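Step one of this worksheet: look at the structure below.
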């Protein structure tokens with residue numbers, strides 16, 4: 002009798018837990034969206050090819066959860082607001098897309114390709130978060146890039162350029178969607194400046 006009563010109590014408790022849980026809450030997914038750069042004139046095109054390696058990221062932004070900062074020394078992430086992919090993947094993908102669109106290299110490939118290129122770009126996403134300032138929210142983005150000649154049989158890679166790019170853009174309002182819009186503007190600015198430096202550096206290579 003006690004055994005039956007015990008099973009009845011357990012079954013009732015499980016049923017209560019299932020009923021209280023309800024359907025899972027879905028996350029809102031956000032992406033970076035901005036126009037790709039226009040192609041350069043034919044006479045400005047270079048003979049070099051470039052591979053964009055997979056980027057690293059600051060440990061805190063190694064997840065697809067949207068990160069935000071309200072106070073100094075404290076970073077947090079949203080539970081139900083996420084990026085389409087972790088920031089390292091988003092930034093590398095958009096930089097690769099923009100290099101292809103600009104068209105000043107003979108070829109641009111991603112890290113998954115087995116094709117050989119004359120040069121390689123490595124990067125680290127250092128900042129990619131929503132800053133909840135008193136005056137209003139803003140999107141903060143910073144990356145470091147390294148452009149190097151590719152490995153040869155008799156020598157390792159030779160670094161040609163290493164620079165850091167940062168940008169912040171105010172959000173239209175205090176919502177994650179506004180953060181995604183502002184982060185897109187910041188990425189467009191960073192990408193434009195990076196592409197200009199990459200072109201100037203490659204144009205000087207003999």
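In this note's numbering, the protein residues as written are 2 to 207.
By construction, the Cβ of each residue, glycine as well, lies at the ideal position given by its N, Cα and C atoms.
Note that the coordinates shown come from a computational prediction; the quantities given were computed from them, not determined experimentally.
Cβ-based neighbour list, residue i, same chain, cut-off 7 Å, excluding 5 preceding and 5 following
i	result
residue 116	110
residue 198	162, 164
residue 173	179, 182
residue 28	81, 82, 83
residue 148	120, 122, 161, 162, 199, 202
residue 58	87, 88, 89, 125, 126
The beta strand (DSSP E) enclosing residue i, as first and last residue numbers
i	result
residue 77	75-84
residue 49	Counting along the chain, residue 49 falls outside any beta strand (DSSP E), and DSSP gives it neither H nor E.
residue 161	160-171
residue 129	120-134
residue 107	Looking at the DSSP string, residue 107 is not in any beta strand (DSSP E), and its letter there is neither H nor E.
residue 64	Run containing residue 64: none; DSSP gives neither H nor E here.
8 Å contact criterion, which residue i and residue j should meet: CB distance rounded
i	j	result
residue 90	residue 192	The Cβ separation is near 15 Å, so there is no contact.
residue 144	residue 54	Between residue 54 and residue 144 the Cβ distance is about 13 Å, and since that is not below 8 Å, they are no contact.
residue 189	residue 171	No, residue 189 and residue 171 are not in contact; Cβ-Cβ is about 15 Å, not under 8 Å.
residue 114	residue 50	About 11 Å; that fails the 8 Å criterion.
residue 93	residue 129	The pair is not a contact, with the Cβ atoms about 12 Å apart (cut-off 8 Å).
residue 196	residue 135	About 34 Å separates the two Cβ atoms, so there is no contact after all.
8 Å Cβ shell around residue i - same chain, five flanking residues per side excluded
i	result
residue 31	67, 82, 83, 84, 85, 177, 178, 180, 181
residue 132	69, 70, 138, 139, 140, 141, 169
Continuous alpha helix (DSSP H) stretch holding residue i: start and end
i	result
residue 203	177-204
residue 97	88-103
Residues near residue i by beta carbon distance below 6 Å, same chain, minus five either side
i	result
residue 46	105
residue 203	47, 49
residue 15	With a pLDDT of 44 at residue 15, under the threshold of 50, the predicted position of this residue should be treated as unreliable, though the coordinate-derived value follows. Excluding positions up to five away in sequence, the list is empty.
residue 17	For residue 17, the pLDDT reaches just 44, beneath the cut-off of 50, and the residue's location in the model is therefore unreliable, leaving the point undetermined.
residue 112	54, 55
Notebook entry, point to check: Just checking, does the region 78-97 make contact with the region 60-70 on the three C-beta pairs under 8 Å criterion?
Noted result: Cβ pair count under 8 Å is three or more, so yes.
Check: Is the region 98-107 close to the region 139-154, with three or more CB pairs under 8 Å?
Finding: Contact between the region 98-107 and the region 139-154 is absent, because fewer than three Cβ pairs lie under 8 Å.
Notebook entry, point to check: Within the chosen definition, does the region 158-167 reach the region 46-64 through at least 3 CB pairs nearer than 8 Å?
Noted result: no
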